[in-house]
Amino acid sequence: MLKTYIEEVILENFMSYEYARIPFKRGLNLIVGPNGAGKSTILVGISIAMGQTYTERAKRLKELIRYGKKAGRVTILLNNEPVNGVRPIQYSKSDTVSISRYLKDDGTYWYEMDYRQVSKSLIDRVFRRIGINPDNMLIIMHQGMIERFSIVSPQDRLLMVEEAVGIQEYRRKIFEASEKLNKILSEEESVNTLLKSAEQTLSYWREQYEKLKQKRELQKRKQFLEREEVWARIIRYELSIKELKDKLQRKNSLLQDVISIISERSGKCSSLRQMLEEARFKYRGLYHELIELERRKAKLEVVSTGEGMGSIDVEVENKMSEIVKIDDEISRIIDDLIRNSVDEAIYKFQKKLIEREIEDLRRSIVEEEKELLNLEPLRVKAGERINTMRTPSEVLEELRYVNAQLIPLTNISDDVENIYNNYLNTYNQLNDKINILARNREEAIRDFELRLSVWRKTLEKTVEEVDPVYKSILSMVGATGQVRIRDIEDPSKAGLEVLVGYGGTQPTILDAYTQSGGERVVATIAFLLSLQHHLKSPIRAIDEFDVHMDPYNREIVARMIFDFVMKNQETQYIVISPSQITFQGLKANTIIIQKNRGRSEAATLINPPTGSN
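The sequence shown begins at -17 in the working numbering and counts up one residue at a time.
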């Protein structure tokens, strides 16, 4: 997925802010400041701009407007630079997308995207498409939500995880398949009732029909022969058309295979070009580093007696070795690129040949179908298909013989036949419908079971990957735990349980009563970190992660968060803390919030010294 990030947040007459422009970057964005300064307001503003309708800070949105002001505004600027020609937010063609939400004191509000008014549904689609739901606490965890996570039911917790990792559609499809199956079962029961009634009525008229069977045999034979003569002519054209279509189908299948191979080769070529560019870039970097080492070596030779020359020689040899390796890699990539490009060209030529053959076959089919279409009025009159091997002349000869036998039977009534056929037709239609419903039921059952299996396997795989990470993180604070799914056989009852145990105790389910506040926070943070690699959202935020923590655990958890963020610089993390946090070589966009005369103000800390607080 193409990743965007917030470049800037603008708050105007919003809560404690009069006007502020707060810059953000990829990677870690650390918001610090004393309690009540307005740190959490920034995260509330981001969520409001993303479409959140409920906030803990106000029962009504108009209460978020700064006191004494008529209107407020929150704007977020999102990076939308294209990657491989595709933008993360495809609703906009700008490199930076501006999304604003305006609030008025009469309770009304509206959205703007790139300075044009848009609907809330469009804003929801924009953020859902990139994996962001501001109401999901696993993506944006506001102040106090860490505590609330422990009291969320296992079912709701599992729903949050499914949405956060992007598999909520699996659950929706399960319920759709279940609803479809129930409708088929209901319809099948109704049609079965009608079929039984139709069968009883048909039984009576069958007895009447048997009395006229002698006459009907001759009439039926006459009708059959008239129809057979038409179908004997039709079948001759159909066989020819079928043979042509079979050949066309084989050619189309071959064409699709060739197109698939062309697409694969094209994608491989694009990937190899990108790898080639990266290798060349690395080669140039190593080459410049080698030049710099040679300069240093030259300076040492001029100003010193050779002291330190040995280490530089080693570095030079190492750089030379790396350059040789990169050069070999570039040669290998070029060879692969040439080979794939040649393959792609060959298959494109083959594609053109097949397309010409397909066009010829289609013309032949059209000509044969035109001849067959001329027989359509006769085919409609002939009725149900007769698969005959006889020629039309053979059928006509037998028909003349049957007509001669029917002359003395002309005055026999045919009313019984009409009545019988009507009931037979109704019965057959119901019976066909039952067969179709039975097939649909079996298909719906297979579809339901397949979707259920995919959902289960995906969840189990996710938990299998999350659980060991969760345990590893807990071990850093001397705790043990487990992440597991319960009642996975029933999606409506399935839930996610997070267990934790401290001081050698047996892990128990995380809830609001068993663990202390600090223990709950540590377990929640550990779970969030273990889930990070699976989240779709390119923007993640947490407010006051260190609430209820003692200084020791605060430092450990902070370091775990920062270490994780440093390894995932492409994702944007917003961390809010009122506590003193020690920087140990931490690369973060640090935002300091202060309140001056009732107005919150933001400042960015540039290049904090190593080891500072």
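For each residue, glycine too, the CB sits at the ideal point set by N, CA and C.
Asked	Found
Using beta-carbon positions only, say whether Leu604 and Ile30 come within less than 9 Å of one another.	What is shown of the chain runs -17 to 595, which leaves residue 604 out entirely.
Could you pull the start and end residues of the alpha helix (DSSP H) that Gly267 belongs to?	Lys195 to Val285
Below 7 Å CB to CB, which residues in the same chain sit around Gln576 once its five sequence neighbours on both sides are set aside?	Gly15, Ala19 and Glu583
If distances are taken between C-alpha atoms only, which option among Ile521, Gly463 and Gly33 comes closest to Arg502?	Gly463
From Ser252 to Gly477, what distance separates their C-alpha atoms?	43 Å
In the DSSP output, what is Asn11 paired with across the bridge?	Ile556 and Asn571
Can you list, in chain order, the residues of its chain whose CB lies under 6 Å from that of Thr496, leaving out five sequence neighbours each side?	Thr490
Tell me Trp92's beta-bridge partners as DSSP assigns them.	Tyr84
Going by Cα to Cα distance, which pick from Val557, Leu513 and Arg536 is closest to Ile524?	Val557
Mind reading off the beta-carbon distance from Ile244 to Lys333? Whole number of angstroms is fine, and I expect it under 8 Å.	7 Å
Nearest to Ser293 by CA position, among Glu276, Val306, Asp309 and Gln514, is which residue?	Glu276
Does Ile(-8) come out as helix, strand or coil in the three-state DSSP assignment?	strand
Alpha carbon to alpha carbon, how far is Lys363 from Gln150? Give it in angstroms, no decimals.	54 Å
In its own chain, which residues sit with a C-beta less than 6 Å from the C-beta of Glu0, not counting the 5 before and 5 after it?	Arg581
Identify whether Thr533 lies in helix, strand or coil by the three-state DSSP scheme.	The identity of residue 533 in the sequence shown is Pro, whereas the question assumes Thr. In the structure shown, Pro533 sits in a helix (DSSP, three-state: H, G or I).
Quick one: residues in its chain with C-beta nearer than 8 Å to the C-beta of Glu380, no 5 flanking neighbours on either side, listed in chain order?	Leu207
What's the C-alpha gap between Arg423 and Lys178?	20 Å
For my contact list, Ala508 and Tyr452 are in at a C-beta cut-off of 8 Å; report their separation, rounded to the angstrom.	6 Å
Buried or exposed: where does Pro116 fall if 16 or more other Cβ atoms within 10 Å of its Cβ makes it buried?	buried
If I follow the unbroken alpha helix (DSSP H) through Leu141, where does it start and stop?	Pro136 to Val147
Closest by CA to Asp472, which one among Glu431, Gly486 and Gln488?	Glu431
Within this structure, are the beta carbons of Ile455 and Ser512 separated by less than 9 Å?	yes
Just verifying my parser: in three-state terms, what is the DSSP assignment at Ala584?	strand
Locate the beta strand (DSSP E) running through Arg468, then write down its first and last residues.	Ala461 to Arg468
In the structure shown, what three-state DSSP assignment does Gln99 receive?	strand
Keeping to the same chain, check which residues put their C-beta closer than 8 Å to that of Arg421; ignore five residues upstream and five downstream.	none
Less than 9 Å separating the beta-carbons of Arg433 and Tyr152?	yes
Would DSSP call Tyr(-1) helix, strand or coil?	strand
Whose C-alpha, out of Leu140, Lys250, Ile166 and Asn410, is nearest the C-alpha of Leu441?	Leu140
How is the alpha helix (DSSP H) around Arg428 delimited, first residue to last?	Asp397 to Ser457
Going by beta carbon distance, what residues of the same chain come within less than 6 Å of Ala180, once the five residues before and after it are set aside?	Thr408, Tyr409 and Leu412
Classify Glu283: buried if its beta carbon has 16 or more other beta carbons within 10 angstroms, exposed otherwise.	exposed
What do you get for Gln551, buried or exposed, if any count of 16 or more other CB atoms within 10 angstroms of its CB means buried?	exposed
Under a Cβ-count criterion, where at least 16 other Cβ atoms within 10 Å of its own Cβ denotes burial, should His270 be classed as buried or exposed?	exposed
Which residues in the same chain as Arg215 place their Cβ atom closer than 7 Å to its Cβ, once the five residues preceding and following it in sequence are excluded?	Leu357 and Pro374
Let me know if Pro520 comes out buried or exposed under the rule of 16 or more other beta-carbons within 10 Å of its beta-carbon.	buried
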